[in-house]
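**Q** Start counting the sequence shown at 35; every next residue gets the next number (this note's numbering).
All C-beta atoms, glycine included, are put in the ideal place defined by N, C-alpha and C.
One structure follows; several queries about it will come next.
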Amino acid sequence: MSTPATSAPTPPAPVADVVTEGELHLGKALVLIQRVLPRLDRIEDSAAVQAALRQAAAEVTAACAAHERAIEALRPAPVDAETLALVAAAVAVVLGRPHRVLGVQKVAPAVMWVNAWAIEGRFQHYSSHKVR
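Okay, structure coming up:
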């Protein structure tokens, strides 16, 4: 009779995401609020409670500002005049008539990661069924 092979314990999965500045501020705010909750009913701690809640509010405000900066960094850069002229020329060739290009902007792909094999499999599966 053979004995089953023992394997080494698997290490924990690494954290996929890095904690952002906004998340750090929100974490600090949550910790401050959690520390204050047991002391809300004590009148003698009212000054410390109010100071902690003000600090938590400041952390939430800082988190909002950090989030806005992060969103601003993700916005696409404006399209330069040369690229705009190239797009207008391509539209003129395709349409073959007068046109006006109102705006051009860079667009991020809708899906960052696409499994082409899964899409092909779904296509084959769905196309194999006949509607009657």
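1) In whole angstroms, give me the CA-to-CA distance for K140 and E106.
2) Quick one: what's got a C-beta closer than 7 angstroms to V121's C-beta in the same chain, skipping five residues either side?
3) Here's the rule I'm using: 16 or more other beta-carbon atoms within 10 Å means buried, otherwise exposed. How should G56 be labelled?
4) Classify A90 as helix, strand or coil using the three-state DSSP reduction.
5) If you check the beta carbons only, do V70 and A91 fall under 8 angstroms apart?
6) For a test of the three-state rule: what should DSSP assign to P72, helix, strand or coil?
7) Specify, as a first and last residue, the run of the alpha helix (DSSP H) that Q139 falls within.
**A** Quick answer:
1) Translated into positions along the sequence shown, residue 140 becomes position 106. Translated into positions along the sequence shown, residue 106 becomes position 72. Cα to Cα, the separation comes out at about 15 angstroms.
2) As a first step, residue 121 must be located in the sequence shown, where it is residue number 87. For V121, the CB contacts under 7 angstroms within the same chain, skipping 5 residues up- and downstream, are V135, V138 in chain order.
3) Indexing the sequence shown from 1 puts residue 56 at position 22. Its Cβ being crowded by 16 or more others within 10 Å, G56 is buried.
4) The residue you call residue 90 lines up with position 56 of the sequence shown. In the three-state reduction of the DSSP assignment, A90 falls in the helix class.
5) Here residue 70 corresponds to residue number 36 of the sequence shown, with the count starting at 1. Here residue 91 corresponds to residue number 57 of the sequence shown, with the count starting at 1. Going by C-beta atoms, V70 is not nearer than 8 angstroms to A91.
6) As a working note, residue 72 is residue 38 in the sequence shown. DSSP places P72 in helix when its eight states are reduced to three.
7) Within the sequence shown, the letter at position 105 stands for residue 139. Premise fails: Q139 is in no alpha helix (DSSP H) and is neither H nor E.
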